Amino acid sequence: MSGEQAREPNLPWVSRRDLARETGPKLSAPFRVAAVGDLISPQPLKRADPRFAFFGERIRAADVGLANMESSLVDMAGNDMAIAGTAAPFSLGEAIRDMGFTMMSRANNHTFDCGAAGMVSTDAALDRLGITHAGTGPNLQEARKARFRETPKGRVGLVSVYSLADTGHFGPAYARTEATSRIGGLGGAPGINPLHLTAYNIVAPDDLKRLHDIATATYGPRPGAWRPATDTTPARLRFFDQWYQAGDDPGSIHYEMASADRDGLLDSIRNGKIYADFLIVAIHSHQATRFDPTGAFGDVRGLKEPVEHYAPDFLVEFAHAAIDAGADMFVSHGVHALAGVEIYRSRPIFYGLSNFIFQCGLQLGPSYDVLANWNRKSELEHPACHEAVLAEADFEDGLLREVRLYPADLGGGARPLSQMGIPLVPEPEQAERILHDLAQYSRPYGTEIEIQEGVGTIRT
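Residues 1 to 460 in full-length UniProt numbering are what the sequence shown spells out, letter by letter.
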């Protein structure tokens, strides 16, 4: 038998699988996903308030309840880990499970708050609770791959990723949190699934020439330098560890994804969808479209002035590519503010669900003075950080039919610190405003949100 015959057996029941079919819509039964943004709490929440209980009822009614887990579940009494403010007892996991959450994205900037041991402890706790999680692992291959959950209606996959720019508050400092590849028995460090970005600050062409002239006058030419200076202004210039590029919108930021990460992630999404009947991609992303030089977090959309409610260029590109590769739903969080909703090829893209449980005010700090610690983080009290939505996405025959958006009020400065960050159904006037704002953020993506009785609806 020749090699060609071995590869192409002449058997009537053997056929080549069609990639488009394997990565396309598969579910036939009606299917619902309830999704929220970030969960950060030092203690389990068990409130009888019906305004809080409402959200648990909606999440439990869905086939999948999804959130981003930023707390670390650890043994608070007997551990030697570097406990940070996001550390929580195992009972927090039980409370999250009881609220109805069944899947958790884990690739984010708080995954290593208690070190690698804290990451492992949290993942093990979620395993014991029966909560499917993705985005972390003992090496990059494990962190990048999809994780699966069986439901009565089909198998659901989840890919979780964290985007890191090469500059900024959540860039190089978080390199230690990244998982690395393991080849055979060599290498491989535990960590999160990264998507590396290069950020280019857009400046006017004349300003790029000025920067080039300053760089040349200050640092070159140098005798014996291996990289010769040039009198020609380049299209892009690296100066003081920042990239600059000439463009029509000075002050904006253009991002480019590392091709190896992008391609590896799309392979993971594609393969994950082949194994699953429904696939969700969740990304934790802080990147802003413009830099605020006056802010403590000038490159984080929800912590700068003005707060940004629109996605940076790479995020739109990646969301579309993920759906083209087989994702049925794309969720972004980490910006600490709401952003628009897009419907792309009959699949929903949520560019920012904001926070959901956000009790960051009770984090430990450099002193035992809780208020002093909080005052160091006062930007987290911005009203935009404390308005959110619970998104319900209903699918039929594997395609989106309707999205319902339930606003949530996390309190902010209007509540005592002990009650801040707990989601409650807002008063009607606030609910209407939150939804009207979200409708405004969604229009650039061609999405219209109907608002009625405090609920937003997107119909396809």
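Don't be surprised by glycine CBs; every beta carbon is placed ideally from N, CA and C.
In this text the structure is predicted, and so the values were computed from the model without any measurement.
- Setting aside the 5 residues that flank it on each side, A258 is surrounded in the same chain by L195, H196, L197 and T198, each with a C-beta closer than 8 Å to its C-beta; the list follows chain order.
- Closest by C-alpha distance to I343, out of A124, A143 and R443, is R443.
- M76 sits in coil when the DSSP states are folded into three classes, being neither helix nor strand.
- In the structure shown, Q452 adopts extended strand secondary structure according to DSSP, grouped into three states.
- Every alpha helix (DSSP H) stretch that sits fully inside the region 125-161 and reaches 4 residues is listed by chain position as 140-144.
- In the three-state reduction of the DSSP assignment, L353 falls in the strand class.
- Put simply, the backbone Cα of V331 is about 39 Å away from that of D206.
- The continuous beta strand (DSSP E) containing R32 extends over residues F31 to I40.
- Exposure of R345 is indicated by the presence of fewer than 16 other C-beta atoms within 10 angstroms of its C-beta.
- D38 is a Cβ neighbour of F356, given a cutoff of 8 Å.
- A check of alpha carbon separations from P383 across Q419, L129, V307 and E317 identifies V307 as the nearest.
- For E402, the enclosing beta strand (DSSP E) has its first and last residue at L399 to D409.
- Straight through space, the alpha carbons of E387 and A125 are spaced by roughly 29 Å.
- In this structure T23 does not touch I283 by the C-beta definition: roughly 19 Å separates them, more than the 8 Å allowed.
- Per the DSSP secondary-structure output, D394 pairs in a beta bridge with R32 and E402.
- For P44, the closest C-alpha among the options M99, P428, P293 and R147 is that of M99.
- Around the CB of K145, 16 or more other CB atoms lie within 10 Å, so the residue is classed as buried.
- E453 counts as exposed, since fewer than 16 other beta carbons sit within 10 angstroms of its beta carbon.
- Runs of the alpha helix (DSSP H) lying entirely within the region 240-319, each at least 4 residues long, are 259-275 in chain order.
- Selection V203, Q440, R459 and D397 evaluated against P30 yields D397 as nearest (Cα-Cα).
- For T198, the uninterrupted beta strand (DSSP E) run begins and ends at P194 to V203, by DSSP.
- One Cα belongs to N271, the other to P152, and the distance between them is close to 22 Å.
- Here Y441 is not near A319, since their CB atoms are 8 Å or more apart.
- For V335, the three-state secondary structure derived from DSSP is coil.
- The Cβ atoms of P250 and V281 lie no closer than 8 Å to each other.
- At a Cβ-Cβ threshold of 8 Å, L399 and A35 do not count as neighbours.
- Per DSSP, S91 is one residue of the alpha helix (DSSP H) stretching across F90 to M99.
- With respect to the 8 Å criterion, M119 and T111 are classified as neighbours on the basis of their beta carbons.
- Taking the Cα of P89 as reference, the smallest distance to any Cα among M69, L66, P42 and G135 is reached at P42.
- Separation of H436 and I451 (C-alpha to C-alpha, rounded to the nearest whole angstrom) is 8 Å.
- In the DSSP annotation of this structure, the continuous segment of the beta strand (DSSP E) that includes I343 starts and ends at V341 to Y344.
- Rounded to whole angstroms, the Cβ separation of A179 and A143 is 4 Å, and the two are in contact under 8 Å.
- Looking at the DSSP output, T457 bridges to R404 and E450.
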